[in-house]
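Q: Numbering-wise, the working numbering comes out as the position in the sequence shown, counting from 1, plus 17.
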Amino acid sequence: MRWNLLALTAGFVLDLILGDPRWLYHPVRAIGLLIDKGEMAFRRIFPKSRQGELTAGVFFAFFVVFVSTLFPFLILLLAWKLNPWLAFALCVFWDYQLLAARSLRMESMRVYDALEDKDLPKARRAVSMIVGRDVDRLDEE
18 MRWNLLALTA GFVLDLILGD PRWLYHPVRA IGLLIDKGEM AFRRIFPKSR
68 QGELTAGVFF AFFVVFVSTL FPFLILLLAW KLNPWLAFAL CVFWDYQLLA
118 ARSLRMESMR VYDALEDKDL PKARRAVSMI VGRDVDRLDE E
């Protein structure tokens, strides 16, 4: 259990020092891709009614959490069997990637600065670096 706390701490320190490099594919993008493709599949499976969509949404939420947990768990289990230090290094790396505190602060400050300058198009571009949805119609609020 102590090694988990150590890995989390090391990942947090790495995040504060390095931030998220733009060239590195972020795990949240993979989860977003899973959501994008999976939603269409679940919509085809369940009936096109209010109850059907609600049921699909509940099952889909559990599906995304399950898959997003299962893959890292299996990879860490394999890494642990190969070498505990490999598993530890992987935990540190994933903690570093997932925390993203430095990058979120930096990107959110860009939104704030653009809004302070009354530059809505620039603020929208800055928001697009944080969220995965269409920002073209966003207002200041």
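Glycine residues also receive a C-beta, built at the ideal position from the N, C-alpha and C atoms.
Remember, predicted model here, so these are calculated numbers, not experimental data.
Can you tell me whether DSSP reads Lys98 as helix, strand or coil?
A: Of the three classes helix, strand and coil, the one that applies to Lys98 here is helix, per DSSP.
Q: Assuming Glu124 contacts Ala140 under a Cβ cut-off of 8 Å, what Cβ separation, rounded to an integer in Å, is found between them?
A: So it is not a contact: roughly 11 Å between Cβ atoms.
Q: Please classify Asp130: is it buried, with 16 or more other beta-carbons within 10 angstroms of its beta-carbon, or exposed?
A: Per the 10 Å Cβ criterion, exposed.
Q: Given Thr72, which residues of its chain have a CB within under 7 Å of its CB, disregarding the five upstream and five downstream residues?
A: For Thr72, where only same-chain residues beyond five positions count, the Cβ hits under 7 Å are Phe63.
Q: Looking at the secondary structure, which residues open and close the alpha helix (DSSP H) in which Asp130 lies?
A: Where Asp130 is concerned, the enclosing alpha helix (DSSP H) stretches over 118-133.
Q: Between the C-alpha atoms of Phe110 and Leu35, what's the straight-line distance to the nearest angstrom?
A: Looking at the two C-alpha atoms, the distance is approximately 12 Å.
Q: In this structure, how does DSSP classify Ser66 when only helix, strand and coil are distinguished?
A: Looking at Ser66 - three-state DSSP - the assignment turns out to be coil, as it is neither helix nor strand.
Q: Using the beta-carbon count (16 or more within 10 Å), is Asp37 buried or exposed?
A: When all chains shown are included, Asp37 counts as buried.
Q: Whose C-alpha, out of Gly28, Lys135, Ala78, is nearest the C-alpha of Leu51?
A: Of Gly28, Lys135, Ala78, the residue nearest in Cα terms is Ala78.
Q: So, helix, strand or coil for Tyr42, using DSSP?
A: The answer is coil: DSSP assigns Tyr42 none of H, G, I, E or B.
Q: For Asp32, which of Thr86, Trp40, Tyr113 has the nearest alpha-carbon?
A: It is Tyr113 whose Cα lies nearest to the Cα of Asp32.
Q: Please classify Ala24 as buried or exposed, where buried requires at least 16 neighbouring CB atoms within 10 angstroms.
A: Buried is the call here.
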